[in-house]
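Trainee: Quick one: the structure is below, questions incoming.
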Amino acid sequence: MITRSYVEPYIGQRVVVRTHDGVTHHGILHAINNNGMYLRPIRGQAGLAQGTADSSPQLLDHKGSEQGDIEQAWWPFFFLPWLAVAAFWPWGWWW
């Protein structure tokens, strides 16, 4: 018998569940309570993808170290005063 504490770390992950009847269910583990487990079913292809077999932990280690081509977006704030003028322009003509 699988206990609740064994299953809780898998919440939000893709799982395969086999019932006592032998039926297999594929889905994402949504919740666990005293009545059972709730799965969100996966429709369509079951996650087939190509890639290398080795893991790449370097992707997470260098996440914030390089600036790259990221720029701060200041230019939208230039349009906010003009947006306010455009929004109240018909109201000014009404007076």
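Numbered according to my numbering, the sequence shown spans residues 91 to 185.
The C-beta atom is built at its ideal place from N, Cα and C for all residues, glycine as well.
Relative to the C-alpha of residue 95, which residue among 111, 126, 116 is closest?
Mentor: 126
Trainee: What is the rounded straight-line gap between the Cα of residue 167 and the Cα of residue 109?
Mentor: 56 Å
Trainee: Bridge partners of residue 108, per DSSP?
Mentor: 114
Trainee: Does the Cβ-Cβ distance between residue 101 and residue 129 come in under 7 Å?
Mentor: The answer is no: Cβ separation not under 7 Å.
Trainee: So, under 8 Å CB-CB, residue 106 and residue 114 are touching, yes? Tell me the CB distance rounded to an integer number of Å.
Mentor: 6 Å
Trainee: Is the Cβ-Cβ distance between residue 97 and residue 122 less than 7 Å?
Mentor: yes
Trainee: Helix, strand or coil, according to DSSP, for residue 182 in the structure here?
Mentor: helix
Trainee: According to DSSP, which residues form a beta bridge with residue 170?
Mentor: According to DSSP, which records beta bridges pairwise, residue 170 is partnered with nothing at all.
Trainee: Leaving aside the five residues before and after residue 104 along the sequence, list all residues of the same chain whose C-beta is less than 6 Å from its C-beta, in chain order.
Mentor: 118
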